[in-house]
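Residue numbers (our numbering): 56 to 139. Glycine included, every Cβ here is placed at the ideal spot set by N, Cα and C. This structure is a prediction, so every number in the text was calculated from the model and none was measured. Okay, so here's the structure we're looking at.
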C-alpha cells in the first residue's frame, strides 16, 4: 500500500516549539550541542531554542559566544542559584 505524502514543512497547523536547554559547566560540549540542535527537522520560523546559562558560568558562556547560533537560538543568562 502507498503511504500518503507528509504535509509540507511549515503548514499553518504546525505549532511553535520552544526548547529550553539548561547548561552548567558545559564548555566542552557547547559547540557540538549548538550544531546538533541546528539540525532539528522543524520549520525554523516556528523554533525558539533557549540556552540557559548561569551568570557565573563564564566558560560555557564563552564557548556559546564562539559558536555560530542560528537566528532562532538564543542565550539567556540566569542568576546563580542553589540548583546547578
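Have a look at the DSSP bridge pairing and note the partners of residue i.
| i | result |
| --- | --- |
| residue 89 | Answer is none; residue 89 lacks a bridge partner. |
Tell me the DSSP secondary structure of residue i in three-state form.
| i | result |
| --- | --- |
| residue 116 | helix |
| residue 101 | helix |
| residue 121 | helix |
| residue 77 | strand |
To the nearest angstrom, how far is it from the Cα of residue i to the Cα of residue j?
| i | j | result |
| --- | --- | --- |
| residue 121 | residue 70 | 30 Å |
| residue 132 | residue 110 | 5 Å |
| residue 116 | residue 68 | 35 Å |
| residue 99 | residue 86 | 19 Å |
Using 8 Å for Cβ pairs, my map puts residue i next to residue j. What's the rounded Cβ distance?
| i | j | result |
| --- | --- | --- |
| residue 107 | residue 78 | 7 Å |
Considering only the beta carbon of each residue, do residue i and residue j sit closer than 8 Å?
| i | j | result |
| --- | --- | --- |
| residue 84 | residue 105 | no |
| residue 76 | residue 97 | no |
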